[in-house]
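K.L.:
In the numbering used here, each residue's number is its place in the sequence shown (first place is 1) plus 43.
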Amino acid sequence: MPGLSENIRVRSIIGRFLEHTRIFYFRNDLKHDVHLASADWMDRNFFRRIEVCFPVLDNKLKKRVIDEGLKVYLQDNCQAWEMDGEGQYRHRQSRRAVQKCAQSELLQQLAGTTKA
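1. Please report how far the alpha carbon of R138 lies from the alpha carbon of R87, in whole angstroms.
2. If you follow the alpha helix (DSSP H) that L150 is part of, which residue opens it and which one closes it?
3. Which parts of the stretch 46-93 are runs of the alpha helix (DSSP H), unbroken and 4 residues or longer, counting only runs that do not cross its ends?
4. If the criterion is Cβ atoms closer than 8 Å, does the pair Q122 and Q146 meet it?
5. Within its chain, find whatever has a CB closer than 6 Å to the CB of F67; leave out the 5 residues flanking it on each side and keep chain order.
6. Considering only C-alpha positions, which residue in the set V53, G46, G112 is nearest to W124?
7. DSSP on R139, reduced to helix/strand/coil?
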């Protein structure tokens, strides 16, 4: 949608943990809105199950979701797919010498083998 969708990015991580949790992150200037959801938005999830999507209102929790949950996925360059303007997903190729795999990094952090 011209004038509305130029800054929208859709990213999918296909990795070891194929879950259907979602983080919706909206940023307009300095305002950050974060919503969490239990499933992707497909017909079967809307009409055959009970799913939930809710805003994160507490600023400390919102910051934690962004810092601990979202940033590592936005830096992923080995399992990330991004949707283009035509609605097609393209594998995000690594332009860096070092590959960053979000799920591997989070596993290491949770196991206490790397710094957060």
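All C-beta atoms in this analysis are idealised placements derived from N, C-alpha and C, irrespective of residue type, glycine included.
Computed from a predicted structure; not experimentally measured.
P.N.:
By the coordinates alone:
1. 37 Å
2. 145-154
3. 86-90
4. yes
5. H78
6. V53
7. coil
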